[in-house]
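**Q** Provided herewith is a single structure, encoded as structure tokens, for subsequent inquiry.
There are 2 protein chains.
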Amino acid sequence: MAEKINIQDIARLANVSTGTVSRALNNKPDVNPETRERILRIVEEQGYVPSSTAIGLVSGRSRLISVLVPALTWPLVSELMLKVAEIVEASSYEIVLYSISSSNHLRDCGKVIDRILATRMTAGLLAIFPGQSAQHLTQLQRHSFPVVLVDDQNPPIEGIPWIGADNRGGAYEATRYLIGLGHQRIACIQGPMKYKVSNDRYQGYKDALQEAGIPLDPALVLEGDFMPVGGNKCARTLLTLPKAERPTAIFAQSDLMAYGVMSAASEFGLSIPKDISLVGFDDNPSSAHMQPALTTIQQPFGAMGQQAIELLLQLIEQPRLYYQGPYENKRQILSEHAPRIQLPTSLMIRDTCRKLPKRVSHTSYRHKQAMSG
Amino acid sequence: MAEKINIQDIARLANVSTGTVSRALNNKPDVNPETRERILRIVEEQGYVPSSTAIGLVSGRSRLISVLVPALTWPLVSELMLKVAEIVEASSYEIVLYSISSSNHLRDCGKVIDRILATRMTAGLLAIFPGQSAQHLTQLQRHSFPVVLVDDQNPPIEGIPWIGADNRGGAYEATRYLIGLGHQRIACIQGPMKYKVSNDRYQGYKDALQEAGIPLDPALVLEGDFMPVGGNKCARTLLTLPKAERPTAIFAQSDLMAYGVMSAASEFGLSIPKDISLVGFDDNPSSAHMQPALTTIQQPFGAMGQQAIELLLQLIEQPRLYYQGPYENKRQILSEHAPRIQLPTSLMIRDTCRKLPKRVSHTSYRHKQAMSG
DNA sequence: CTGTTAGCGCATTCAG
DNA sequence: CTGAATGCGCTAACAG
Numbered sequence: 001m002a003e004k005i006n007i008q009d010i011a012r013l014a015n016v017s018t019g020t021v022s023r024a025l026n027n028k029p030d031v032n033p034e035t036r037e038r039i040l041r042i043v044e045e046q047g048y049v050p051s052s053t054a055i056g057l058v059s060g061r062s063r064l065i066s067v068l069v070p071a072l073t074w075p076l077v078s079e080l081m082l083k084v085a086e087i088v089e090a091s092s093y094e095i096v097l098y099s100i101s102s103s104n105h106l107r108d109c110g111k112v113i114d115r116i117l118a119t120r121m122t123a124g125l126l127a128i129f130p131g132q133s134a135q136h137l138t139q140l141q142r143h144s145f146p147v148v149l150v151d152d153q154n155p156p157i158e159g160i161p162w163i164g165a166d167n168r169g170g171a172y173e174a175t176r177y178l179i180g181l182g183h184q185r186i187a188c189i190q191g192p193m194k195y196k197v198s199n200d201r202y203q204g205y206k207d208a209l210q211e212a213g214i215p216l217d218p219a220l221v222l223e224g225d226f227m228p229v230g231g232n233k234c235a236r237t238l239l240t241l242p243k244a245e246r247p248t249a250i251f252a253q254s255d256l257m258a259y260g261v262m263s264a265a266s267e268f269g270l271s272i273p274k275d276i277s278l279v280g281f282d283d284n285p286s287s288a289h290m291q292p293a294l295t296t297i298q299q300p301f302g303a304m305g306q307q308a309i310e311l312l313l314q315l316i317e318q319p320r321l322y323y324q325g326p327y328e329n330k331r332q333i334l335s336e337h338a339p340r341i342q343l344p345t346s347l348m349i350r351d352t353c354r355k356l357p358k359r360v361s362h363t364s365y366r367h368k369q370a371m372s373g
Numbered sequence: 001m002a003e004k005i006n007i008q009d010i011a012r013l014a015n016v017s018t019g020t021v022s023r024a025l026n027n028k029p030d031v032n033p034e035t036r037e038r039i040l041r042i043v044e045e046q047g048y049v050p051s052s053t054a055i056g057l058v059s060g061r062s063r064l065i066s067v068l069v070p071a072l073t074w075p076l077v078s079e080l081m082l083k084v085a086e087i088v089e090a091s092s093y094e095i096v097l098y099s100i101s102s103s104n105h106l107r108d109c110g111k112v113i114d115r116i117l118a119t120r121m122t123a124g125l126l127a128i129f130p131g132q133s134a135q136h137l138t139q140l141q142r143h144s145f146p147v148v149l150v151d152d153q154n155p156p157i158e159g160i161p162w163i164g165a166d167n168r169g170g171a172y173e174a175t176r177y178l179i180g181l182g183h184q185r186i187a188c189i190q191g192p193m194k195y196k197v198s199n200d201r202y203q204g205y206k207d208a209l210q211e212a213g214i215p216l217d218p219a220l221v222l223e224g225d226f227m228p229v230g231g232n233k234c235a236r237t238l239l240t241l242p243k244a245e246r247p248t249a250i251f252a253q254s255d256l257m258a259y260g261v262m263s264a265a266s267e268f269g270l271s272i273p274k275d276i277s278l279v280g281f282d283d284n285p286s287s288a289h290m291q292p293a294l295t296t297i298q299q300p301f302g303a304m305g306q307q308a309i310e311l312l313l314q315l316i317e318q319p320r321l322y323y324q325g326p327y328e329n330k331r332q333i334l335s336e337h338a339p340r341i342q343l344p345t346s347l348m349i350r351d352t353c354r355k356l357p358k359r360v361s362h363t364s365y366r367h368k369q370a371m372s373g
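Chains A and B, in that order, are what the protein sequence lines are.
First residue of the first sequence: 1, per the UniProt record's numbering; consecutive thereafter.
First residue of the second sequence: 1, per the UniProt record's numbering; consecutive thereafter.
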């Protein structure tokens with residue numbers, strides 16, 4: 001059935017030339033409706049599918065899209081890819097996956113990008129959280145190879161469309177939520193400050209503090225590593241502080257670090273949220289199943305994936321023109337400037353935060369503890 | 001630099017024919033070493049990369065490999081894919097990703113497989129945990145299209161190479177570990193029994209019980225859904241049992257269900273591992289960060305991915321011949337039968353299991369509890 | 001050793 | 001409206 005059958009076979013079976021078959025298949029207007037129907041019927045019968053390789057060769061265009069992903073073990077990327085895959089499969093394109101794993105670092109990534117560019121096997125590139133490899137992307141841009149970047153580590157690159165989460169807004173919301181609960185001494189466990197994302201979240205944290213008129217205490221701002229161990233280490237430092245200086249709430253810039261905070265708390269015999277309130281960032285799938293379930297900021301990964309791939313597809317078909325606004329409504333003003341799209345996060349309220357009594361003083365805290373004990 | 005430059009340009013620049021250039025590029029023996037070097041130099045200078053599309057067309061072979069993945073949100077798949085991607089990138093092949101997400105169920109998956117087969121755009125298919133879609137795979141097999149299946153839900157399919165984890169052995173090890181700790185009343189929270197994996201793990205559980213001469217108590221064997229909610233529900237049933245009938249340990253057939261058990265325990269005011277010991281299965285990345293860290297059976301996803309993709313690559317290049325034994329050592333006897341490779345799991349001992357005192361009786365248990373309370 | 005030629009499967013002219 | 005011819009970039013077979 002699926003034995004190598006080509007356009008000539010169809011042409012023979014339909015008593016027409018290959019040209020006509022080709023026209024019929026590509027919905028060209030100038031073809032006899034009767035003939036077209038007959039051809040399509042035979043195509044259906046024979047289960048004929050045009051060779052995408054040949055089409056690629058003759059048309060010079062590819063139906064393949066490169067997607068560059070970081071270590072897939074990061075659960076967040078999965079969510080994003082899910083949406084990307086869904087949309088690509090609904091189109092006539094396919095995804096070619098390139099992963100920058102632990103072994104092939106910066107240098108190898110450059111090679112991958114060179115190959116993408118040189119072979120032109122794919123029609124465009126979606127780079128997802130490429131980390132340091134982002135710098136190689138300008139090279140593609142120079143050759144007017146369509147690229148869309150989903151990132152949070154690097155400052156935006158001139159000329160490259162960029163999709164990201166509103167990290168500053170998310171951090172602001174997290175901190176404001178804690179303030180609304182009555183917390184005044186709120187610690188911030190940061191990611192590595194060399195990353196843009198860490199700075200953005202720090203800004204959001206400061207925004208909320210400033211808005212509430214709470215002075216920023218540098219002793220409560222610690223730099224972690226986005227990983228559980230770093231979160232744990234920072235939390236230990238915070239919990240070692242004298243009671244009066246100790247934070248009543250912690251904003252961890254990643255869920256993984258929040259996990260570390262939770263383990264540190266239990267090591268100190270402290271209970272969350274009774275003794276310490278905690279908010280994370282990311283909303284990893286497992287965060288909802290922690291004990292207690294982690295209150296956190298959810299990143300809009302699905303939406304980011306969707307925006308990114310839709311933008312890329314549009315870029316491939318309409319080079320150098322960017323639609324502003326939602327993709328569905330294409331009658332938007334076109335722009336020649338690479339868009340920067342920032343998607344809103346959302347606060348997931350769960351069980352790691354506790355409302356503080358009106359007046360928070362050392363004595364009233366101990367009093368309450370004694371009553372419950 | 002990377003402007004469309006082809007083999008003719010190189011031929012012109014090197015003052016040779018395209019045939020010679022092609023020969024030089026493909027390391028054919030019959031080409032003047034001097035000429036070859038000159039050509040290679042020019043190729044390097046010009047940054048020429050042969051069009052894989054054209055090569056694909058003329059050679060009839062593809063350098064693309066289809067990889068069919070289930071909902072990527074499942075963290076386990078990421079680990080597997082990581083290894084697959086690493087190996088593919090080291091080869092001359094690329095990965096084309098197809099995902100069977102929530103939206104496109106069984107029917108759409110059939111379409112995907114039809115397309116893979118019809119276009120022959122890719123040279124082979126690696127199907128990872130395809131679930132119910134596995135049945136479509138026989139179609140590929142019939143057309144002698146190389147397929148390798150990584151699965152645990154379905155019984156093996158005749159003629160299709162199969163890679164899986166030793167689920168029975170893993171469950172046996174988990175249960176034996178609990179028995180070794182002195183537990184006698186060990187519950188088993190199963191996955192859906194329509195899946196092979198659930199039956200395999202149940203067998204392993206029974207094996208260990210039988211070996212230790214412990215009678216199987218049907219009241220302690222409950223069917224879950226592999227998800228946290230199911231684990232929680234089953235655990236509630238178990239914890240509602242009268243003290244004497246209540247299990248002292250629970251073997252959950254998935255980590256996610258183990259999370260559900262943990263939350264159920266805390267709802268019942270029970271502490272893990274003090275009151276109940278718990279072992280999971282899978283070793284999700286987050287399991288090590290649970291409070292307490294979950295003792296579980298680790299699935300060899302990396303190894304599974306590696307075996308699977310190496311087998312597929314070999315199948316593509318040596319159709320209908322399967323190497324038996326490790327890939328590295330290729331001088332193995334070849335077989336015409338599709339191999340079934342089962343990879344060993346490993347027990348990750350962490351903090352959710354407790355050694356029971358020598359004699360386990362209702363009274364001594366309460367005595368100990370009273371002493372610690 | 002090397003140049004020439006004939007396709008791979010298709011879309012796209014250019015004539016009818 | 002349609003058939004025939006050209007060529008996409010490359011490899012392979014065949015002559016030199």
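For each residue, glycine too, the CB sits at the ideal point set by N, CA and C.
Since the structure is predicted, the reported quantities are computational estimates derived from the model, not experimental observations.
Is it a yes or a no for the stretch 347-354 of chain B touching the stretch 145-163 of chain B, going by three-plus beta-carbon pairs under 8 Å?
**A** no
**Q** Thinking just about the alpha-carbon of each residue, which of B:Leu315, B:Tyr195, B:Tyr202, B:Asn26 is nearest to the one in Ile186 of chain B?
**A** When each option's Cα is compared against that of Ile186 of chain B, the closest is B:Tyr202.
**Q** Between Val150 of chain A and chain B, is there a C-beta pair that is closer than 8 Å?
**A** Answer no: the Cβ-Cβ gap between Val150 of chain A and chain B never drops below 8 Å.
**Q** In terms of residue numbering, what span does the beta strand (DSSP E) encompassing Pro70 of chain B cover?
**A** 64-70
**Q** If Arg63 of chain A and Tyr98 of chain A are in contact, beta carbons under 8 Å, what's the gap, nearest whole angstrom?
**A** About 17 Å; that fails the 8 Å criterion.
**Q** Helix, strand or coil for Met304 of chain A, going by three-state DSSP, please let me know.
**A** helix
**Q** Flag this pair as yes or no: are the beta carbons of Asn154 of chain A and Lys206 of chain A separated by less than 8 Å?
**A** no
**Q** Measuring straight from C-alpha to C-alpha, what distance separates Arg246 of chain A and Ala208 of chain A?
**A** 19 Å
**Q** Can you have a look at Asp30 of chain B and say buried or exposed, based on whether 16 or more other CB atoms are within 10 angstroms of its CB?
**A** exposed
**Q** Based on DSSP bridge pairs, tell me the residues matched to Val279 of chain A.
**A** Residue pairing by DSSP places Val279 of chain A opposite A:Phe251, A:Thr295 in a beta bridge.
**Q** Could you tell me whether any Cβ in chain A is nearer than 8 Å to the Cβ of Val49 of chain B?
**A** yes
**Q** Gln139 of chain A by DSSP, collapsed to three states: which one?
**A** helix
**Q** Ala252 of chain B and Gly269 of chain B: beta carbons closer than 8 Å?
**A** no
**Q** What is the DSSP secondary structure of Ser92 of chain B, reduced to helix, strand or coil?
**A** Ser92 of chain B carries a coil assignment under DSSP once its states are collapsed to helix, strand and coil.
**Q** Which residues of chain A have a Cβ atom closer than 8 Å to the Cβ of Thr53 of chain B, listed in chain order?
**A** Thr53, Gly56, Leu57, Ser62, Met121
**Q** If you measure between the beta carbons of residue 383 of chain A and Val147 of chain A, is that distance less than 8 Å?
**A** Chain A is shown from 1 up to 373; residue 383 of chain A falls before or after that span and cannot be answered.
**Q** In whole angstroms, give me the CA-to-CA distance for Ala123 of chain B and Val67 of chain B.
**A** 11 Å
**Q** Using alpha carbons as the reference points, say which of B:Lys111, B:Arg120, B:Ile95, B:Met121 lies closest to Gln135 of chain B.
**A** B:Lys111
**Q** Around the C-beta of Thr138 of chain A, are 16 or more other C-beta atoms found within 10 angstroms, so that it is buried, or is it exposed?
**A** By the neighbour-count rule (16 or more Cβ atoms within 10 Å), Thr138 of chain A is not buried but exposed.
**Q** Considering only the beta carbon of each residue, do Ile264 of chain B and Leu239 of chain B sit closer than 8 Å?
**A** In the sequence under discussion, the amino acid at residue 264 of chain B is Ala, which differs from the Ile named in the question. For Ala264 of chain B and Leu239 of chain B, yes; Cβs fall inside 8 Å.
**Q** According to DSSP, Gln342 of chain B sits in a beta bridge with which residue or residues?
**A** B:Gly164
**Q** Answer with yes or no whether the minimum CB distance from Leu239 of chain B to chain A is below 8 Å.
**A** Answer no: the Cβ-Cβ gap between Leu239 of chain B and chain A never drops below 8 Å.
**Q** Suppose you measure from the CA of Asn329 of chain A to the CA of Leu125 of chain A; what does that come to, to the nearest Å?
**A** Here the model assigns Asn329 of chain A a pLDDT of 46, short of 50, so the residue's position is not dependable and the matter cannot be decided.
**Q** Could you round the C-beta distance between Phe226 of chain A and Gly191 of chain A to whole angstroms and report it? I think they count as a contact, below 8 Å.
**A** That pair is a contact at about 5 Å.
**Q** Between the C-alpha atoms of Gly19 of chain A and Ile87 of chain B, what's the straight-line distance to the nearest angstrom?
**A** In a straight line, the C-alpha of Gly19 of chain A is about 42 Å away from that of Ile87 of chain B.
**Q** Candidates B:Asn32, B:Asp275, B:Ile113, B:Gly260: which alpha carbon is nearest Arg236 of chain B's?
**A** B:Gly260
**Q** Out of A:Gln291, A:Val84, A:Val58, A:Arg354, which one is the CA nearest neighbour of Gly305 of chain A?
**A** Here the closest residue by C-alpha is A:Val84.
**Q** In the DSSP assignment, the beta strand (DSSP E) including Ile128 of chain A goes from what residue to what residue?
**A** 124-128
**Q** In chain order, what residues of the same chain have a beta carbon less than 7 Å from the beta carbon of Leu216 of chain B, not counting five sequence neighbours either side?
**A** Residues of the same chain with a CB within less than 7 Å of the CB of Leu216 of chain B, apart from the 5 flanking positions on each side, are Lys206, Leu209 in chain order.
**Q** Return the residue from the list A:Leu178, A:Gly182, A:Lys194 that minimises the CA-CA distance to Cys188 of chain A.
**A** Distances from the CA of Cys188 of chain A to each of A:Leu178, A:Gly182, A:Lys194 were compared; the closest alpha carbon is that of A:Leu178.
**Q** Could you please tell me which residues of the stretch 216-244 of chain A, in chain order, have their CB closer than 9 Å to any CB of chain B?
**A** Hits within the stretch, in order: Pro228.
**Q** Starting from the Cα of Leu40 of chain B, find the closest Cα among B:Ala11, B:Leu278, B:Leu311 and give me that residue.
**A** B:Ala11
**Q** Shortest alpha-carbon distance to Gly164 of chain A belongs to which of A:Pro357, A:Leu356, A:Leu343?
**A** A:Leu343
**Q** Quick one: what's Ala187 of chain B bridged to in DSSP?
**A** B:Ile250
**Q** Indicate the three-state DSSP secondary structure (helix, strand or coil) for residue 374 of chain A in the structure shown.
**A** Absent from the model: residue 374 of chain A. The displayed extent of chain A is 1 to 373, so no value can be given.
**Q** Would a C-beta distance cut-off of 8 Å place Pro292 of chain B and Thr352 of chain B closer than the cut-off?
**A** yes
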